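Take any residue in the sequence shown, count from 1 to its spot, add 828: that is its number in the working numbering.
Every residue, glycine too, gets a C-beta built ideally from N, C-alpha and C.
Since we're looking at a predicted model, the values are computed, not measured.
All remarks here apply to the structure that follows.
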Amino acid sequence: MTNLKRLYLLPEAEVADLYARPVFNQNEQQLYFELTQVELDTLGQFGTIKTKVHFILQLAYFKAKNQFFTFTFDDVRADVDYVLAIFFKKTDVVFQGSITRQRTNQQKQIILNLFDYQAWSVEQAIQVEAHIGELLRYYPKGHDAFRQLLVYLDNQKIVIPTYRSLQDMFTQSFANERDRLDRLILLMPHGQQKQLSELIDREDGITPLNILRADQKNFTYTAISAEVEKALRLEGLYKFAKDFLPTLLLSKNAIRYYADIAGQYAASRLRRLGKPQQWLHALCYIYHRYQQIMDNLITSFMYHTRAITGDAKAYAEKAAAEHHSGLVVDLPKLAKFLKWFPNRKTGLDHDELNQAAYKILPEGQFPALAQFLQRSTFDTKAALREFYLKSSRSSALYLRPILLAVPFAFYKEDNDIMALIDLMKGHYGSGKGPATFKLPQDIEDTLSKPQLPYLKKDPDDAQVDPHLFEFFVYRKMYRRLDKGLLCCNESISYCDIDHDLISDALVDDVEKIAKEFGYPKIPVYCDGRLDAALMTLDATWDRTTKRISAGENSAFNIKAMKTGGQDWSLGYDSLDKLDDAFFRTLSQVEIPNIMMYIGDRIGMWRSFTHMKTRYNKKKMPVALAINACILSDAFGIGIEKMAEMSDLNHNLMRSTHEDFMRIETLCAANDRVGNLIHSLPIFKLWNLMDDKLLADADGQKLATSESTIQSRYSKKYLGKSPGLSLYTLIANFVAANAKNIGLNNYEG
829 MTNLKRLYLL
839 PEAEVADLYA
849 RPVFNQNEQQ
859 LYFELTQVEL
869 DTLGQFGTIK
879 TKVHFILQLA
889 YFKAKNQFFT
899 FTFDDVRADV
909 DYVLAIFFKK
919 TDVVFQGSIT
929 RQRTNQQKQI
939 ILNLFDYQAW
949 SVEQAIQVEA
959 HIGELLRYYP
969 KGHDAFRQLL
979 VYLDNQKIVI
989 PTYRSLQDMF
999 TQSFANERDR
1009 LDRLILLMPH
1019 GQQKQLSELI
1029 DREDGITPLN
1039 ILRADQKNFT
1049 YTAISAEVEK
1059 ALRLEGLYKF
1069 AKDFLPTLLL
1079 SKNAIRYYAD
1089 IAGQYAASRL
1099 RRLGKPQQWL
1109 HALCYIYHRY
1119 QQIMDNLITS
1129 FMYHTRAITG
1139 DAKAYAEKAA
1149 AEHHSGLVVD
1159 LPKLAKFLKW
1169 FPNRKTGLDH
1179 DELNQAAYKI
1189 LPEGQFPALA
1199 QFLQRSTFDT
1209 KAALREFYLK
1219 SSRSSALYLR
1229 PILLAVPFAF
1239 YKEDNDIMAL
1249 IDLMKGHYGS
1259 GKGPATFKLP
1269 QDIEDTLSKP
1279 QLPYLKKDPD
1289 DAQVDPHLFE
1299 FFVYRKMYRR
1309 LDKGLLCCNE
1319 SISYCDIDHD
1329 LISDALVDDV
1339 EKIAKEFGYP
1349 KIPVYCDGRL
1359 DAALMTLDAT
1369 WDRTTKRISA
1379 GENSAFNIKA
1389 MKTGGQDWSL
1399 GYDSLDKLDD
1409 AFFRTLSQVE
1419 IPNIMMYIGD
1429 RIGMWRSFTH
1439 MKTRYNKKKM
1449 PVALAINACI
1459 LSDAFGIGIE
1469 KMAEMSDLNH
1479 NLMRSTHEDF
1489 MRIETLCAAN
1499 DRVGNLIHSL
1509 PIFKLWNLMD
1519 DKLLADADGQ
1529 KLATSESTIQ
1539 SRYSKKYLGK
1549 SPGLSLYTLI
1559 ANFVAANAKN
1569 IGLNNYEG
């Protein structure tokens, strides 16, 4: 252990807070200094007031933090006075010195027995160190495993040791875990070891790892081809990783952690690690990166299929408009032809007759006018077929490589779409072209009769057109992908939910697993919570239907129908008069003024510190400029436009935004505002009922400077710029969760 450098587990502030003696306010004094009858009986075995007061103090502090503390009576004078006044009806008693070490140890043991706790010992250290080794397989980050260990110690009723002891145990456990993984990684076949080394090693130019890191930036042919090439290159290693990584007994969280390290650090930094660690990080990265590539390819497939379908619809609409406008123009010609034909010149041969007729009404308009007279509508499907034939090259370039590279799967077995996908993969994957494609009779029999003629260039053809059939399959795939029926279990976003769920064997052991990690009440809570929720739903359903039947729910409008049944509809809020009497009495205040008032009241501007802690003259920002920067980002208008609108100096806003606006300062300011709102009496009035918080999710649209396939265009929100939607769940005033989604995704 002496040769290992201690790990940094927690910031100094968190360590100090963890081991600090509690400082009680008045309410906490009433809570923690209240003694049960058993505790009062135990107190009676101490003879002097001094030892009794010390016991009560140590007992209260143990209740608060499950730890023992060293203190003098002068250090806790406020608590001493409270204990003397409550239990001994005395004030202003001054104790000299402290109680003996023997008496202190005796009191600690009594308190441990009262709460059935165990003091820290060598035996406990062996047990806890073994548990840390288990935790590191699930939580490879030290601070995450540390917090889980605190839960475990609390559940096992073990007094936490000193921070240095925990550091030593974690340091040794990390070394043991690294040795364990190294031994298992060295069992990897030499062929895979060589492939992984080639990703990180650099002979000249860019390392293969850096090429794999580059994300797909757009939906062009070059970008999609590069992504397909990556997928084909990684396919073999991914299949190996899929079988090999479970033997390491690592959680998905741990695999993602090692993958992130390989994805974030330069290849030169990875080469500083030992070979087994290099292979571990590279293998985890390939496992995760391949799934990301599958996501990108399926997203590209959806994008281009939707684009071709949309263009085909526009083409058909344009053709229909031209068809109908042509009828309007040609109907007078038809009338002229009908008048001419009975009075035509006699003696005309066949060619002369056709020439004279087509001069009045062009030959191409005869079928259209005949359909019109027969009341036949414009054949939209034929127009779509015509466009699909024209766009067959786009399908072959953009969609076919994705079909061959992505392992699609249906959520249940024996589905027609998988037979079509396998047919396409079997034909084009063997290097054959469209000219040699023939649809098997058994698959042709599964196609609908009305659809089959539109899969042929001519309805009388014996075989379907390969290009039309190919895009027909792509459209079916698109619809099922959009509904979540067609999946790819080697991806992240398009994976079947059943594939992500844990096995039934683990579900059967949920009580054992929860107890092992210090959460024994979770299975009991979940079962009880589900039962209570079902009972509440049943009772609510019965109550709601009875109120509707009795006419007590005024939001439902029920009327009798002539058939004897009942028809119902919901009332509209717009018809109800808005009761805004309270808000009409309030004066209107601008949002910038509210921000300035709040900032001045809570000192929010002090949260915005300069990026450079030294060698800068501008220590504090201009409050007005900070306010303008916050609002410009909130409304998505940018500092340049905000400067024009508010007559503020653009250089001042630019420098303020660069020097003071960053994640750390915004989080600190947000915490100040959140604490202020929470302290207001009106805060709880926004609750829907009892303790049910008001929550909603919405997306904030932000422009992006770099192009990715998630960054999409939206004229409504960003004009000509691409951007993202920051989809955030807000509970009253706290952002509980957030994720980035494309502007094309539904925020529902």
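Residue ranges of each alpha helix (DSSP H) within the segment 1016–1040, 4 or longer: 1018–1028
Rounded C-alpha distance that separates Y1066 from R1084: 14 Å
Expected contact under 8 Å - CB spacing of M1470 and S1483 to nearest Å: Actually they are not in contact, since the Cβ atoms of M1470 and S1483 sit about 14 Å apart, beyond 8 Å.
Buried or exposed (CB count within 10 angstroms, at least 16 for buried), L1125: buried
Which listed residue (V1056, D903, I939, T1133) has its alpha carbon closest to that of P1579: No answer is possible for residue 1579: the residues shown for the chain start at 829 and end at 1576.
Where C1457 falls: helix, strand or coil (DSSP): helix
Beta-carbon proximity list for A1453, same chain, < 6 Å, skipping 5 on both sides: L1480, M1481, T1484
Residue interval of the alpha helix (DSSP H) (run including L835): From DSSP, L835 is part of no alpha helix (DSSP H); its letter is neither H nor E.
Helix, strand or coil at T1368 according to DSSP, with G and I counted as helix: helix
Straight-line Cα distance separating S993 from A973: 15 Å
Residue range of the unbroken beta strand (DSSP E) whose run includes L1513: That residue, L1513, is in no beta strand (DSSP E); it is neither H nor E in DSSP.
T894 in three-state terms, based on DSSP: The question names Thr, but residue 894 is Asn in the sequence shown. Three-state DSSP puts N894 in coil, outside helix and strand.
Buried versus exposed, by CB contacts within 10 Å (16 or more), L1060: exposed
Same chain, Cβ closer than 6 Å to R834, neighbours up to 5 away in sequence not counted: Q995, T999
Any 3 or more C-beta pairs closer than 8 Å across the segment 915–926 and the segment 961–968: no
Of the residues I1039, P1195, A1054, the one placed nearest L1046, counting alpha carbons only: The amino acid occupying residue 1046 in the given sequence is Asn; Leu does not appear at that position. Comparing Cα-Cα distances from N1046 to each of I1039, P1195, A1054, the minimum goes to A1054.
Counted within 10 angstroms of its Cβ, other Cβ atoms place T1127 as buried (16 or more) or exposed: buried
Every unbroken alpha helix (DSSP H) within the segment 856–933, with a cutoff of 4 residues, ordered by chain: 865–871, 877–893, 905–915
Whether Y1306 touches Y1049 by CB criterion (8 Å): no
Beta-carbon proximity of K880 to D944, cut-off 8 Å: no
Sequence-distant residues of its chain with Cβ nearer than 7 Å to H1109 (five each side left out): Y1086, I1089, A1090, L1098
Per-residue burial, T830 [other beta carbons within 10 Å of its own, 16 or more giving buried]: Residue placement at T830 is flagged as unreliable, the pLDDT there being 47, under the threshold of 50; a coordinate-derived value is accordingly withheld.
Identity of the residue in D869, Q946, H971, L885 nearest P839 by Cα: H971
Cut-off 6 Å between Cβ atoms - residues of its own chain near R1375, not counting five sequence neighbours on either side: N1381
Where A1135 falls: helix, strand or coil (DSSP): helix
Segment limits, alpha helix (DSSP H) that includes I1426: 1419–1430
As assigned by DSSP and simplified to three states, the class of T1413: coil
Option nearest V911 by Cα separation, candidates Y860, A1184, L1552: Y860
Of the listed residues K1022, A1523, L1062, nearest to I1039 (C-alpha basis): L1062
Through-space distance from I1458 to L863, alpha-carbon basis: 51 Å
Limits of the unbroken alpha helix (DSSP H) element including Q1183: 1178–1188
Beta-carbon separation (whole angstroms), V843 vs Y991, contact threshold 8 Å: 5 Å
CB of L822 within 8 Å of CB of A1456, strictly: Residue 822 lies beyond the range of the chain shown here (829 to 1576); nothing can be said about it.
Distance CB(L1546)-CB(K1529) smaller than 8 Å: yes
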